[in-house]
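In numbering that gives the first Met the number 0, the protein residues as written are 0 to 229.
Built from N, CA and C at the ideal position, the CB exists for glycine as well.
What you are looking at is a predicted structure, and each value in this text was computed from that prediction instead of being measured.
Report on the structure given below.
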Amino acid sequence: MCCRCVQAKPLEEIIKWWGEKIKVLINISEFRISYNVSPGQKLPVVFTQNGVISLSLMKWGLPAVFNVKEKDHDVVSYNARIETILQKRTFSQLMRSQRCAVLCNGYYEWKKENGKSVPFLIHSPGMQIMPLGGLWTEESPGGALCFTVITKNPRRNLADIHDRMPFVVAQDKVDKWIDGRYFPVNPEDEFADHKGPLEFHHVSMNVNSSRYDAPDCIEKIEVPEQGELF
Numbered sequence: 000m001c002c003r004c005v006q007a008k009p010l011e012e013i014i015k016w017w018g019e020k021i022k023v024l025i026n027i028s029e030f031r032i033s034y035n036v037s038p039g040q041k042l043p044v045v046f047t048q049n050g051v052i053s054l055s056l057m058k059w060g061l062p063a064v065f066n067v068k069e070k071d072h073d074v075v076s077y078n079a080r081i082e083t084i085l086q087k088r089t090f091s092q093l094m095r096s097q098r099c100a101v102l103c104n105g106y107y108e109w110k111k112e113n114g115k116s117v118p119f120l121i122h123s124p125g126m127q128i129m130p131l132g133g134l135w136t137e138e139s140p141g142g143a144l145c146f147t148v149i150t151k152n153p154r155r156n157l158a159d160i161h162d163r164m165p166f167v168v169a170q171d172k173v174d175k176w177i178d179g180r181y182f183p184v185n186p187e188d189e190f191a192d193h194k195g196p197l198e199f200h201h202v203s204m205n206v207n208s209s210r211y212d213a214p215d216c217i218e219k220i221e222v223p224e225q226g227e228l229f
């Protein structure tokens with residue numbers, strides 16, 4: 000499961016990270032750094048629409064029902080399991096042509112320790128941009144864009160924290176991942192980043208509240224156990 004993320008990079012750095020011409024669909028006044036992003040909030044997403052590589056802010060969570068009159072919707076999923084993604088009608092159609100890369104720097108996960116759920120931050124070295132494989136759609140025809148994050152079995156040692164992790168796309172394969180002209184038969188084998196190191200550490204219990212969003216969310220809490228995932 001992946002239900003909290005960190006996006007601590009300014010828009011200019013995200014655009015520079017892509018390194019190629021990209022259509023930016025983000026109003027600078029709408030963009031903000033967030034240290035505790037939860038479903039229902041927005042993250043920067045790279046995707047292809049009408050053959051054009053674009054960068055947009057999208058809402059986290061796919062809608063099950065959208066009531067135009069009420070301007071409301073029920074979120075059916077903020078995660079999609081890679082193992083069953085092609086078997087579920089909800090996701091299989093999006094998997095064919097509406098794959099995306101959700102840009103963050105890390106994500107939070109909780110582990111049971113001494114009867115308590117203790118939060119960890121799992122992140123790329125130096126908090127660099129970490130592209131998560133996702134699927135995107137519209138909340139309604141012509142409406143706002145939204146996404147779900149694909150999850151997979153965890154890497155070695157990360158399983159001690161949680162039995163799932165987000166599907167991290169290898170950085171040199173992001174452009175092909177978002178290309179709707181290509182259909183991945185074995186997406187995990189073809190696109191997952193299996194070797195890039197992920198670092199992790201305990202963080203403050205303040206992260207437990209989705210309303211708490213401050214730089215100290217990502218600060219390391221000194222404890223005996225810490226490490227690096229491979």
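List the residues that DSSP assigns as beta-bridge partners of residue i.
| i | result |
| --- | --- |
| Asn-78 | Val-148 |
| Lys-20 | In the DSSP output, where bridge partners are listed per residue, Lys-20 has none listed. |
| Ile-121 | Tyr-106, Phe-199 |
| Gly-142 | Answer by DSSP bridge pairing: none, since Gly-142 is not bridged. |
| Gly-132 | Ala-100 |
| Val-206 | Partner(s): none; Val-206 has no beta bridge. |
| Pro-165 | Thr-150 |
Whose C-alpha, out of the options, is nearest the C-alpha of residue i?
| i | options | result |
| --- | --- | --- |
| Gly-50 | Pro-38, Gly-60, Ala-63, Lys-22 | Lys-22 |
| Lys-15 | Gly-142, Trp-176, Cys-145, Ile-128 | Ile-128 |
| Asn-104 | Gln-86, Arg-163, Pro-130, Ala-79 | Pro-130 |
| Val-117 | Cys-2, Val-5, Val-202 | Val-202 |
| Ser-33 | Pro-9, Arg-154, Val-167, Ile-25 | Pro-9 |
| Phe-199 | Ser-208, Gly-39, Glu-218 | Glu-218 |
| Glu-221 | Leu-120, Tyr-106, Leu-85 | Leu-120 |
| Pro-196 | Ala-7, Pro-124, Gly-114 | Pro-124 |
| Phe-166 | Glu-82, Asn-205, Lys-115 | Glu-82 |
| Arg-31 | Val-5, Asp-174, Leu-85, Pro-38 | Val-5 |
| Ile-27 | Ile-13, Leu-61, Val-36, Ile-177 | Ile-13 |
| Gly-18 | Ile-52, Met-204, Gln-48 | Ile-52 |
| Trp-242 | Ala-7, Val-206, Glu-11, Ser-139 | Here the chain comprises residues numbered 0 to 229, so residue 242 is not present and cannot be evaluated. |
| Ser-91 | His-193, Ile-149, Lys-115 | Ile-149 |
| Lys-115 | Met-204, Met-164, Arg-163 | Met-204 |
| Cys-1 | Arg-210, Ala-79, Lys-87 | Ala-79 |
| Met-315 | Glu-29, Leu-102, Ser-37, Thr-47 | Examination of residue 315 is not possible in this model, given that the chain is present from 0 through 229 alone. |
| Pro-62 | Leu-24, Pro-38, Arg-163, Leu-85 | Pro-38 |
| Thr-47 | Glu-11, Asp-159, Asp-162, Leu-24 | Leu-24 |
| Trp-135 | Met-94, Gly-141, Asp-162 | Met-94 |
| Thr-233 | Glu-112, Asp-178, Ala-7, Leu-56 | Shown here, the chain extends from 0 to 229; a query on residue 233 therefore has no answer. |
| Trp-176 | Asp-162, Gly-132, Gly-141 | Gly-132 |
| Val-84 | Arg-3, Lys-194, Lys-151, Met-164 | Note on identity: in this sequence residue 84 is Ile, with Val being the wrong assignment. That would be Lys-151, whose Cα lies nearest to the Cα of Ile-84. |
| Lys-111 | Val-36, Ile-160, Ser-76, Lys-20 | Ile-160 |
| Phe-58 | Lys-20, Ala-7, Gly-142, Thr-89 | For the record, residue 58 in the displayed sequence is Lys; it is not Phe. Answer by Cα proximity: Gly-142. |
| His-193 | Glu-11, Gly-60, Met-164, Glu-29 | Met-164 |
| Ala-7 | Ser-208, Asp-174, His-122 | His-122 |
For the alpha helix (DSSP H) containing residue i, name the first residue and the last one.
| i | result |
| --- | --- |
| Lys-15 | 10 to 17 |
| Lys-175 | 173 to 176 |
| Arg-43 | The sequence shown places Pro at residue 43, rather than the Arg named in the question. It is not in any alpha helix (DSSP H) - Pro-43 instead sits in the beta strand (DSSP E) that spans 41 to 48. |
| Glu-221 | Where Glu-221 is concerned, there is no enclosing alpha helix (DSSP H), given that its DSSP letter is neither H nor E. |
| Pro-153 | Pro-153 -> no alpha helix (DSSP H), and no H or E assigned at all. |
| Pro-186 | 186 to 190 |
Does the beta carbon of residue i sit closer than 7 Å to a beta carbon anywhere in chain E?
| i | result |
| --- | --- |
| Lys-151 | Among the chains of the structure shown, chain E does not appear; only one protein chain is present. |
What span of residues does the beta strand (DSSP E) with residue i cover, start to end?
| i | result |
| --- | --- |
| Ile-52 | 51 to 59 |
| Ser-28 | First-last for Ser-28: undefined, no H or E at that position. |
| Gln-6 | 4 to 6 |
Across the segment 177 to 195 and the segment 88 to 104, are there enough close Cβ pairs to call them in contact, namely three or more that are closer than 8 Å?
yes
Where are the alpha helix (DSSP H) runs, 4 residues long or more, that stay fully inside the segment 80 to 115, in chain order?
88 to 96
Pair every Cβ in the segment 196 to 214 with every Cβ in the segment 42 to 60, then say whether three or more of these pairs are closer than 8 Å.
no
Can you confirm whether the segment 169 to 177 touches the segment 147 to 156 when touching is taken to mean that 3 or more C-beta pairs between the two stretches lie within less than 8 Å?
no
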